[in-house]
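Worksheet for the structure shown next.
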Amino acid sequence: MAKKVLLVDDSNTTLMMEQMILQQLTPYECITARDGIDALSRAMKEIPDLVLMDVVMPRMNGFEACKRMRLEDTLRDTPIILVTTRGEKEYMEAGFHSGCNNYITKPINSNELVTLLQSYLGK
Amino acid sequence: MTNDNTQEYAEGKNLARHLTGRAKLSVARARLQNAIDREDALEAIREVVADLIGSEELAIFKADKQKAAMWFYWSSGIDAEKYPYLDAIREPLLEEVLAGKSLFRGDHGRDKLVSSPDPISAIVPIKIDHAVAGVLVIFRLLPQKDRLAAEDRKMCEAISAYGGQAL
């Protein structure tokens, strides 16, 4: 059974890009959400094997969504990777404080993304 | 790592790099061409520049060929009041943009494209029916991005060709 990755971003462009990379280079199944609230509800329903989530989003940002996911028994141990435009230390610390496992910066590099996902999900 | 593994790793990395460039261009074109209205076309340009090229500071000016000026139209991430217009008479390089050519910082040893309070990385003509109707100015790149690569230039060309709906 294919591993399931929940992609969360309010940018159509980023979602299209991430889906294309994962479809071309991995066997993972992709599901998508457009903001933190949508992500929380999809994650609780679908129980993904990994969440790849943007930080800056309307309604609920990635930090908050990450914190809420960690309160759910079914999502407590799910790897969460945050996607940011900013790589500054303070920003990353806030991400890890919210409970994420790792982060990746935009613009996304396919090699970096696939290697990172494989380190959690295997090939 | 054995020689075979090293070669396999290098080939895999090359393939991924190639796919990244191809995927980005393909996504940029699809996003721009499928914009449903003016507002969505502006958002498509913002997304392509921010998420694929790597800059959160951009502005669009509408070209006025007769007066050789470009008037501020829209921006994201910059102080719009600093840029009411770009003057092609005082900035001769802008004539090249009005003629349809994109300008990139660093090309031909140019460290500065026009005089501006903020560093400009690229100026890209936006065309409607092959005629320049506006220009996209990309200011500072994200800290993790040191320069615009060949794949970024291709995406700028995609904006040039398919971004006209934004105007």
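Taken in order, these protein sequences are the chains called A and B.
The first sequence begins at 12 in our numbering and counts up by one.
The second sequence begins at 3 in our numbering and counts up by one.
Just so it is clear, CB atoms sit at the ideal spot from N, CA and C, and this is done for glycine as well.
Predicted model, so just to flag it, every value in this text is computed and none were measured.
Does chain A have any CB closer than 9 Å to the CB of residue i?
i, result
"G56(B)", "yes"
"L144(B)", "yes"
"K26(B)", "yes"
"V29(B)", "yes"
"R149(B)", "no"
"V50(B)", "yes"
"D120(B)", "no"
"A61(B)", "no"
"D53(B)", "yes"
"R40(B)", "no"
"R33(B)", "yes"
"A46(B)", "yes"
Is any beta-carbon of chain B found at less than 9 Å from that of residue i?
i, result
"K117(A)", "yes"
"T25(A)", "yes"
"T96(A)", "yes"
"S22(A)", "yes"
"S121(A)", "yes"
"M31(A)", "yes"
"M103(A)", "no"
"Q129(A)", "no"
"M55(A)", "no"
"M28(A)", "yes"
With DSSP as the reference, label residue i as helix, strand or coil.
i, result
"I42(A)", "strand"
"I119(A)", "coil"
"M64(A)", "strand"
"A37(B)", "coil"
"A124(B)", "strand"
"I58(A)", "coil"
"F106(B)", "strand"
"V51(B)", "helix"
"V116(B)", "coil"
"K15(A)", "strand"
"G165(B)", "coil"
"R3(A)", "What is shown of chain A runs 12 to 134, which leaves residue 3(A) out entirely."
"G110(A)", "coil"
"A50(A)", "helix"
"G73(A)", "helix"
"K26(B)", "helix"
"R31(B)", "helix"
"G111(B)", "helix"
"Q146(B)", "coil"
"L86(A)", "coil"
Which residues does DSSP list as the beta-bridge partners of residue i?
i, result
"T95(A)", "T116(A)"
"Y87(B)", "W73(B)"
"K64(B)", "W73(B) and G136(B)"
"S78(B)", "L60(B)"
"L127(A)", "Beta-bridge pairing links L127(A) to no other residue."
"K129(B)", "V134(B)"
"K156(B)", "Paired residues: none, contrary to the question."
For residue i, which residues from the same chain have a beta carbon less than 7 Å from its beta carbon, with the 5 sequence-adjacent residues on both sides left out?
i, result
"M157(B)", "K26, L27, A30, V50, L54 and I55"
"Y85(B)", "A61 and F74"
"L124(A)", "I32 and I115"
"E98(B)", "L105"
Taking 8 Å as the limit between beta carbons, can you name the residues of its chain near residue i, skipping five residues before and five after?
i, result
"A105(A)", "F74"
"L127(A)", "I92, N113 and I115"
"D39(B)", "Q167"
"M27(A)", "none"
"E153(B)", "T22, G23, K26 and L27"
"I42(A)", "K15, V16, L17, L18, R53, E57 and P59"
Using C-beta distances below 6 Å, list every residue in its chain close to residue i, excluding the 5 sequence neighbours before and after it, in chain order.
i, result
"S57(B)", "V51, I140 and L143"
"V134(B)", "A65, L100, G102 and P127"
"C111(A)", "C77, I91 and L93"
"E29(A)", "L18"
"L86(A)", "A54 and M80"
"E93(B)", "V116"
Within the present structure, is the beta-carbon of residue i separated from the nearest heavy atom of the ligand ATP by less than 8 Å?
i, result
"K129(B)", "The model on display carries no ligand, and the ligand ATP is accordingly not part of it."
Exercise. Do the segment 84–94 of chain A and the segment 104–123 of chain A touch if we need at least three Cβ pairs shorter than 8 Å?
Worked result: Output reads yes: the segment 104–123 of chain A touches the segment 84–94 of chain A.
Exercise. Can at least three beta-carbon pairs, one atom from the segment 29–46 of chain A and one from the segment 33–40 of chain B, be found at a separation below 8 Å?
Worked result: Too few Cβ pairs lie closer than 8 Å, so no.
Problem set entry | Cβ contact check for the segment 45–58 of chain A and the segment 16–23 of chain A: 3 or more pairs under 8 Å | Contact between the segment 45–58 of chain A and the segment 16–23 of chain A is present, because at least three Cβ pairs lie under 8 Å.
For this session: Decide yes or no for the touch test of the segment 75–88 of chain B against the segment 105–113 of chain B: beta carbon pairs closer than 8 Å, at least 3 of them.
Result: Touching, no.
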